[in-house]
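All remarks here apply to the structure that follows.
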Amino acid sequence: MEPLLTYLAKALVDQPDQVALRISEADGGQLYELKVAPEDVGKVIGRDGRTVNALRTLLNAAAQKQGQKVRLEILDDRRTPGSPAAPPAPDAAR
Numbered sequence: 001m002e003p004l005l006t007y008l009a010k011a012l013v014d015q016p017d018q019v020a021l022r023i024s025e026a027d028g029g030q031l032y033e034l035k036v037a038p039e040d041v042g043k044v045i046g047r048d049g050r051t052v053n054a055l056r057t058l059l060n061a062a063a064q065k066q067g068q069k070v071r072l073e074i075l076d077d078r079r080t081p082g083s084p085a086a087p088p089a090p091d092a093a094r
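Numbering (full-length UniProt numbering), first residue to last: 1 to 94.
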């Protein structure tokens, strides 16, 4: 499933060399965390989340066929603390 998701993500973005996939165990299944360049996050999510929901559907179908449970999340560096897009921390308001 990892090659499928990586292939699809690279086909969607402008900077395929920055696509990274991290897999970890969570909630009785596997958690797939997809990281792309900050300017490509919108392309992977799509309008109203349609693209990421389609990726989740394909991933879940492939996982179900193998008897596995998976979850896909898109990591968005734009929302990490300290970035301009993130709201200020409660301590910073003082």
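For each residue, glycine too, the CB sits at the ideal point set by N, CA and C.
- Leaving aside the five residues that flank V36 on each side, the residues in its chain whose CB is nearer than 7 Å to its CB run, in chain order, A9, V13, Q18, V19 and V44.
- Short of 6 Å from the beta carbon of E33, and not among the five residues preceding or following it, lie these beta carbons of its own chain, in chain order: R22, E73 and L75.
- Closest option to E39, judged by alpha-carbon separation, among Q66, S24, T6 and P16: P16.
- Secondary-structure assignment with DSSP links Q30 through a beta bridge to E25 and V70.
- Following the DSSP letters along the chain, one finds Q64 inside the alpha helix (DSSP H) bounded by residues R50 to K65.
- For K35, the beta-bridge partners assigned by DSSP are A20 and L75.
- In this structure, the straight-line span from the alpha carbon of A26 to that of L4 is close to 20 Å.
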